[in-house]
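Peer 1:
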Amino acid sequence: MITCDFEVFDRLTLFPGYPACWKVEILRSYGEGATEQRKAAQKALVFACAVCKAQMPDPKTYKQHFENKHPKNPIPKELEDVV
Ligand SMILES: [Zn+2]
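First residue of the sequence shown: 1, per UniProt numbering; consecutive thereafter.
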């Protein structure tokens, strides 16, 4: 249930022109969206090196790591297209 929280409303500067209840609802949905984005970002962090299991933030870093640390290993398929 959405309640009008006017203490929250007073602090809001976003979404001018929306009724207070809507603002609270919008902020709630934004908060949930942000949580989902954080989860997705954390998921994206799992680029674990196939050789040493080190975690890389993105494929580019992973490829550089692989070329520097494991030059004798064949490059993983998912890195072949990474420039
Ligand atoms: Zn490695």
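Glycine included, C-beta positions come from ideal geometry on N, C-alpha and C.
Since we're looking at a predicted model, the values are computed, not measured.
1) Could you tell me the distance, in whole angstroms, from the CA atom of G31 to the CA atom of A48?
2) Note down, in chain order, each residue of its chain lying with its Cβ closer than 7 Å to the Cβ of V83, except the 5 sequence neighbours on either side.
3) Could you give the distance in angstroms between the alpha-carbon of K69 and the alpha-carbon of K63?
4) So, A50 versus P71, is the Cβ gap smaller than 8 Å?
5) Report the rounded CA-to-CA distance for M56 versus E36, giving the unit in angstroms.
6) Using a Cβ-Cβ cutoff of less than 7 Å, which residues in the same chain neighbour K60 once the five nearest sequence positions on both sides are dropped?
7) If you drop the 5 nearest sequence neighbours on each side, which residues of the same chain put their C-beta closer than 8 Å to that of C52?
Peer 2: Walking through what the data contain:
1) 29 Å
2) none
3) 10 Å
4) no
5) 21 Å
6) V82
7) K69, H70
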